[in-house]
Every structure is written in C-alpha cells, then in structure tokens.
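Residue numbers (my numbering): -9 to 147.
All C-beta atoms, glycine included, are put in the ideal place defined by N, C-alpha and C.
Only a predicted model underlies this, so the values are computations on that prediction, with no experimental measurement involved.
Below you'll find the structure, written out as structure tokens, and then a few comments.
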C-alpha cells in the first residue's frame, strides 16, 4: 500500500481549511484516510500550522511520500528537518555557537612595524601626526586656564 501525506480539504465555500493526513494514494482527496496528523488554516494571519511531528516522522520513516504542499508545512513545523537529520541527509558539524565578532582590529589589518620603518614617507607622516593631536589637546587646556583666571579676577560680592 503506497501511503501519501497530503492535505484533505475541509471548511466551507471560498474559505477552506485543511487536514494533514496519511492516506492511501489510491483513495480520493477528501475520502478515507489512515491517520490524522495535523491541520492547516491559511486564512488566519499568520497561517495556523499544527502538525504532530512524532507521527509525521513515523510516517516519513515507513516510506510515506509527502505532497509538495505538505512538505512545505513539514519544513515550517520542523518535522522535515528532524526526519532529514535522522536519515543522515543533514550533518551538524559543530553545535557550538560561532565566536563573537572581534571588537579589536585583527592582526592582518594592522601593518607590520618593519613595513612602516622601511618606507620613509610613512615614517615622516607618522612623526608629524602625533604632534598635531597633542597641540589640539593643549589648546582646550589653555582655554580652561584662561577661563579660570578670569573667574578668579572677578570680585566676589
């Protein structure tokens, strides 16, 4: 007996709901079925998918063939992934979480000290750069000192 996992149409006109069933492939779409596995309601937002994953995995394990629509529903519910992992189609290499992104610059991004010393243009430019930030730091300090002196000179009432 060839078993298929398929949708069985229920509901009313223009508003179908579906049952996910295991049925003989020769029986009609809405006819006799072997077992009810779940239900699918596409009209709710978001769509309602309720599938008994254990029973779905059982039927997949004994050779039942899902239709394209049911396979999508099984992927959504997670039953298809469990079945594929049990069958060996999906291999999990490393279950540990990936390392966090590095906040510090990597060693490859930093130029080597030998490379800096070997180029005279870079060393001259790097010698000039530290002078500018120091003078920039001294200017606000000097302005603060002038402001403090001005406050000290004002007579207190």
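Limits of the alpha helix (DSSP H) - the one that residue i falls within
i          : result
residue 25 : Here residue 25 belongs to no alpha helix (DSSP H); instead the beta strand (DSSP E) covers 25 to 31.
residue 44 : 43 to 51
residue 71 : 69 to 77
Residues of its chain near residue i, where Cβ-Cβ distance is below 8 Å and the 5 sequence neighbours each way are ignored
i          : result
residue 76 : 47 and 51
residue 43 : 67, 68, 69 and 72
residue 21 : 13
residue 49 : -7, -5, 12, 25 and 27
Rounded distance between the beta-carbons of residue j and residue i, thought under 8 Å
i          : j          : result
residue -7 : residue 15 : 7 Å
Cβ-Cβ distance between residue i and residue j below 8 Å
i           : j          : result
residue 156 : residue 27 : Here the chain has residues from -9 to 147 only, and residue 156 is not among them.
residue 60  : residue -4 : yes
residue 11  : residue 30 : no
Cut-off 6 Å between Cβ atoms - residues of its own chain near residue i, not counting five sequence neighbours on either side
i          : result
residue -9 : 14
residue 6  : -1
First through last residue of the beta strand (DSSP E) which encompasses residue i
i         : result
residue 6 : 5 to 14
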